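According to UniProt numbering, the residues represented by the sequence shown are 1 to 402, in order.
Okay, so here's the structure we're looking at.
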Amino acid sequence: MNLMGPKRTESLGDKKYILVMVDDYSRYAWVAFLRDKNESFINFKDIGLKIQNEKGYPIERIRSDRGREFDNSNFLEFCHYLGIKHEFSAPRTPQQNGVVERKNHVLQEMARTMLNQHELPTHFWAEAINTTCYTSNRIHLRPHTRKTCYKLWKGKKPSVKYFRVFGSICYILKDHKTLGSRLRECDDDKIDVSKEIELIEEKYEDEKLSEEEENKEDEEKKGDRGRIEPSKKNKSRVPKNHPLSNVIGDYEDSINEVWLLVPRPKYVNVIGTKWIFKNKMDENGVIVRNKARLVAQGFKQIEGIDFDETFASIARLESIRILLAIACVWKFKLFQMDAKSVFLNEILNEEVYVEQPKGFQDPRYPNNVYRLRKALYGLKQAPRAWHEILTSYLLKKRFMRE
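Below, the structure is given as structure tokens:
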């Protein structure tokens, strides 16, 4: 088990923390939402007793980190009374509690995706995580058994026929039953449960066509009035929320003159490449930009052939603190500079060959490779090459090396 939080935005029920518990064998998970860390024991006790009553067996072992919300007298007395062994992971070693740490990541990623899909406010995060936990228990398969977490835990196949799309628009028809779907009333911003509702799952607020597309369609209609063609149901449209230029556009400009396409030489170590995609988020966890970076698989480089020296000095944290202290005392003005695509500016002294990037192979020369003129991210000598360029530039500007 583990605790996530505090969240920057409170949920609809004024909750800030998430208690996650995972069964080690089946990977069946439970979540509870807390206002404060001190509520961890109460929720664990509630879930733990329900588990024991459901299975008819006592809990033998639990594992958590040494946070004060778990390592306290309440947990100690409860575990001692029921004969539960409480294991703790070592400090700063989350991999020892990797099962629940991985579950935390999955729950957050799925919940964030659902919120972004329907552009829901951030304070719906608890509802999204609760839905994510419920659905993942019923759809995720354990690799070694090919069974869902639900079947391994409950012993029966789960039913998903009542699943509905999270965030769908719905209308309440009758409200005399208590068993049903969770929904939000727009007037008072509360979550209610109702069975008699009408869902509109396929209605999304699609973006309108641009003026250029509209004009183009009008011209086509005027010119083709005497001709009837079958309609195309699947029309491809470039998504405006995530244009390709936001992902790879800047990088294509940065990578100019970095390499040269040449025939594949014999008896030469050719290094693979890989695209690394990353979502840049703001302080509220909202994706503001999609970034892409092409990296070389430097672990395939051979020392003495693909690279020689790799050392590059970096500033120690103590030196930075001393600099900041001196600046405060003498009231110096400090400037911070960011070198964009820094590793793509260094000239390589070695002959290094890399494979053509996936999705960007030259159709005329699919077997050719790139000979690098400049460094790529991932190369072992890339930091040193940048250090040499920066050092030579600073020395030309009459800076002194110590």
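Yeah, the Cβ is synthetic: ideal placement off N, Cα and C, and Gly gets one too.
Given the structure is predicted, the values throughout are model-derived calculations rather than measurements.
Reduced DSSP category for M110 - H, G, I as helix; E, B as strand; rest coil
In the three-state DSSP reduction, M110 falls in the helix class (H, G or I).
Beta carbon of R401, beta carbon of E309: below 8 Å?
No; because the gap between Cβ atoms is not below 8 Å, this pair is not in contact.
Exposure label - K222; buried when at least 16 CB within 10 Å:
Low confidence applies to K222: its pLDDT is 47, below 50, so where it sits in the model is not reliable, and the reading given next is rough at best. For K222, the number of other beta carbons within 10 angstroms of its own is below 16, and it is reported as exposed.
Opposite V165 in the DSSP bridges: which residues?
V165 is not bridged by DSSP to any residue.
For the beta strand (DSSP E) holding R289, just list the boundary residues, first then last.
Where R289 is concerned, the enclosing beta strand (DSSP E) stretches over 287-296.
Give me the residue from P357, F332, F277 with the minimum Cα distance to W259.
The option with the nearest alpha carbon to W259 is P357.
Measure the beta-carbon distance from W153 to S26 and round it to whole angstroms, keeping in mind my assumption that it falls under 8 Å.
Right, their Cβ atoms sit about 4 Å apart.
Would you report the Cα separation of L76 and E69, rounded to the nearest angstrom?
Cα to Cα, L76 sits roughly 11 Å from E69.
Taking the C-alpha atoms as reference points, what is the distance between F335 and L324?
Those two C-alpha atoms are separated by around 11 Å.
Under 8 Å, with one C-beta from each stretch per pair, do the segment 108-122 and the segment 82-97 reach the 3-pair mark?
Taking one beta carbon from each stretch, the segment 108-122 and the segment 82-97 have fewer than 3 pairs nearer than 8 Å; the two do not touch.
Could you tell me the alpha carbon to alpha carbon distance between E346 and R102, rounded to whole angstroms?
Distance between the alpha carbons of E346 and R102 is about 38 Å.
Could you work out which residue in E283, D282, L294 is closest to I276 when comparing CA atoms only?
Selected option, being the one with the closest Cα: L294.
Give me, in chain order, the residues of the same chain whose beta-carbon lies closer than 8 Å to that of N368; leave out the 5 immediate sequence neighbours on both sides.
Around N368, the same chain offers L261, V262, P263, R264, Q356, D362 as residues with beta carbons nearer than 8 Å, after the five sequence neighbours per side are excluded.
Since S40 and L49 should fall inside the 8 Å C-beta cutoff, what is the C-beta to C-beta distance between them, to a whole number of angstroms?
S40 to L49, Cβ: 15 Å. No contact.
In the DSSP assignment, the beta strand (DSSP E) including A32 goes from what residue to what residue?
Run containing A32: 29-34, per the beta strand (DSSP E) assignment.
Can you tell me which of the three DSSP states F311 falls into?
In the structure shown, F311 falls within a coil segment according to DSSP collapsed to helix, strand and coil.
Where Q95 falls, given that 16 or more other Cβ within 10 Å makes a residue buried:
Exposed, by the Cβ-count rule.
Extent of the continuous alpha helix (DSSP H) to which H123 belongs:
Looking at the DSSP string, H123 is not in any alpha helix (DSSP H), and its letter there is neither H nor E.
Opening and closing residue of the beta strand (DSSP E) in which H80 lies:
Element bounds for H80: not the beta strand (DSSP E) but the alpha helix (DSSP H), 73-82.
Taking the continuous alpha helix (DSSP H) assigned at H387, which residues delimit it?
For H387, the enclosing alpha helix (DSSP H) starts and ends at 382-396.
DSSP state of I305, grouped into three classes?
Taken through DSSP and simplified to helix, strand or coil, I305 comes out as coil.
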